[in-house]
Amino acid sequence: MVAKEKEEKLVKKCIQKLTVFLLALITIGSVFSVTATAEALPSVSYCTHVQNEGWQNYVSNGTISGTEGKSYRLEGIKIKLDTQGV
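Plus 1405 on top of the position in the sequence shown (first one is 1) and you've got the numbering used here.
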């Protein structure tokens, strides 16, 4: 029983130390928290070259480029990254 009591005390001490460490970490994090924001979000524009269709118009930020339902190959892509304001 003595060994089990020692083990329980050790576990309790470890939990206490861990709790103190986590509270200190949270406190430091709240004191030194910094919010960084860019003046403007970067954007990406792209156009694709499609089989039998040629180059498509530029689109941006997640818009689909190419064709739908025609089963044409995507044969090329041009990508422009606008990082102004970052």
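Even glycine gets a Cβ: it sits at the ideal position worked out from N, Cα and C.
Remember, it's a predicted structure, so these values are computed and weren't measured experimentally.
query	result
Taking Cβ to Cβ, would you say E1458 is nearer than 8 Å to T1468?	no
Helix, strand or coil for I1420? Go by DSSP, reduced to three states.	helix
Would you tell me roughly how many angstroms separate the C-alpha atoms of Y1470 and Q1461, rounded to the nearest one?	Per the sequence shown, the amino acid found at residue 1470 is Ser instead of Tyr. Rounded to the nearest angstrom, the two C-alpha atoms are 7 Å apart.
Go ahead and label T1488 buried or exposed: buried means 16 or more other beta carbons lie within 10 angstroms of its beta carbon, across all protein chains shown.	exposed
Is the CB-CB distance between T1453 and G1474 below 8 Å?	no
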